[in-house]
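Counting from 1, position 57 in the sequence shown corresponds to residue 57 in the UniProt record's numbering; the numbering is continuous, with no gaps. From the three backbone atoms N, C-alpha and C, an ideal C-beta is built for every residue, glycine too. Reading through the structure tokens given below for one structure.
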Amino acid sequence: MADNHTDDELLDLAYPYALGAVSEDERAEIEHRLAAAGAPTADAFARIVADTQETMALVTAGDALAPPAHVRESLLHAIGQQPGRSAHDDLARHRARRRRLITRVLVAAAAVVVIAVGGTVALRSIHQAPTVPSVAQVLAYPDTRTTTAEVAGGTITLSASAQANAVVVAMSNVPPPPQGHVYQMWFIPASGPTRSAGTMSAETMPPPGGEVIPALNSATAVAVTVEPGTGSTQPTSSPVVTIPLT
Numbered sequence: 001m002a003d004n005h006t007d008d009e010l011l012d013l014a015y016p017y018a019l020g021a022v023s024e025d026e027r028a029e030i031e032h033r034l035a036a037a038g039a040p041t042a043d044a045f046a047r048i049v050a051d052t053q054e055t056m057a058l059v060t061a062g063d064a065l066a067p068p069a070h071v072r073e074s075l076l077h078a079i080g081q082q083p084g085r086s087a088h089d090d091l092a093r094h095r096a097r098r099r100r101l102i103t104r105v106l107v108a109a110a111a112v113v114v115i116a117v118g119g120t121v122a123l124r125s126i127h128q129a130p131t132v133p134s135v136a137q138v139l140a141y142p143d144t145r146t147t148t149a150e151v152a153g154g155t156i157t158l159s160a161s162a163q164a165n166a167v168v169v170a171m172s173n174v175p176p177p178p179q180g181h182v183y184q185m186w187f188i189p190a191s192g193p194t195r196s197a198g199t200m201s202a203e204t205m206p207p208p209g210g211e212v213i214p215a216l217n218s219a220t221a222v223a224v225t226v227e228p229g230t231g232s233t234q235p236t237s238s239p240v241v242t243i244p245l246t
């Protein structure tokens, strides 16, 4: 039987995870716990991350900034303020604590919005080269179209935006590629050659919140193949899935 308290604690961490308010070590620990969690918990975690990032993107409607140290501490303090759970906690009390937690997290996250709007952005050089958009930024574009398909016993979700010139790739319960192979994504245009959109090894599968693949350009579909070694210049096998973007 699953440990519901452990699962609930992991889902609580989805909020600071989605906001980038965890260190690299903490992120790695969360992802390690997530890999060992059951499918329902993993799916719920991914939904929380996506919903939180989309909400914050709509609020900021601009450049997403990594939260400063004091904002990160506020978020983690909100998590740490939860009373210890006992085996006798009833569902109503647990839900009440969850609502209070979410409120604290969102209040702390609002500081990120204030900072982003209030002047920190002005410190950026006007000569700074364009960067790859964040997951939240891609999801916030009005033309973003999301499609989910089954692959290898799991699902792959693509959220593509021509305006952002990028696509967000998220996977749920997709097993890693066979040993000595990688998953390779391909951008398929309406006309012209197929372009590689990158590879995914067992160690570099997309995180639960998704990963941005830039340079969508004129692609009208995305295909995924299994390729030997570190990838190929052109597909060497039939796609395990092909997803239209239009």
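- Excluding its 5 nearest sequence neighbours in each direction, threonine 242 has C-beta neighbours in its own chain below 7 angstroms: Ala221 and Ala223, listed in chain order.
- The continuous alpha helix (DSSP H) containing leucine 34 extends over residues 24 to 36.
- Three or more pairs of CB atoms, one per stretch, sit closer than 8 angstroms, so the segment 129 to 145 contacts the segment 159 to 168.
- Straight across, the Cα-Cα distance linking alanine 37 with aspartate 7 is about 7 angstroms.
- Distances from the alpha-carbon of alanine 46 to those of Tyr17, Asn165 and Val212 put Tyr17 closest.
- Put simply, the segment 169 to 185 touches the segment 195 to 206. At least three CB pairs are less than 8 angstroms apart.
- It is roughly 20 angstroms from the alpha-carbon of glycine 20 to the alpha-carbon of threonine 41.
- Counting the other CB atoms within 10 Å of its CB gives proline 206 a total of 16 or more, which places it among the buried residues.
- With respect to the 8 angstroms criterion, isoleucine 156 and alanine 149 are classified as neighbours on the basis of their beta carbons.
- For glutamine 184, the uninterrupted beta strand (DSSP E) run begins and ends at 181 to 189, by DSSP.
- For alanine 170, the closest alpha carbon among the candidates Glu227, His32, Ala190 and Val49 is that of Val49.
- A distance below 8 angstroms separates the beta carbons of valine 151 and valine 240.
- Per DSSP, the continuous beta strand (DSSP E) segment holding leucine 158 begins and ends at 154 to 161.
- With respect to the C-alpha of glutamate 29, the residue from Glu9, Ser191, Ala44 and Asp43 having the closest C-alpha is Glu9.
- When DSSP states are grouped into helix, strand and coil, glutamate 150 belongs to the strand group.
- If you look at alanine 223, you'll find it in the beta strand (DSSP E) that goes 219 to 228.
- Where proline 16 is concerned, the enclosing alpha helix (DSSP H) starts and stops at 14 to 18.
- Your pair valine 168 and glycine 210 checks out as a contact, with CB atoms roughly 4 angstroms apart and the cut at 8 angstroms.
- Only buried fits proline 208, as 16 or more other CB atoms lie within 10 angstroms of its CB.
- The C-beta of serine 218 has fewer than 16 other C-beta atoms within 10 Å across all chains shown, which makes the residue exposed.
- Of the residues Thr246, Glu26 and Arg27, the one whose Cα lies closest to the Cα of aspartate 143 is Thr246.
- The beta carbon of asparagine 173 lies closer than 6 angstroms to those of Ala39 and Gly154 in the same chain, with the five residues before and after it left out.
- With a cutoff of 8 angstroms on beta-carbon distance, serine 134 and valine 212 are scored as near each other.
- If you draw a straight line from the Cα of glutamate 31 to the Cα of threonine 230, it is about 23 angstroms long.
- Listed as beta-bridge partners of alanine 166 by DSSP are Ser161 and Pro214.
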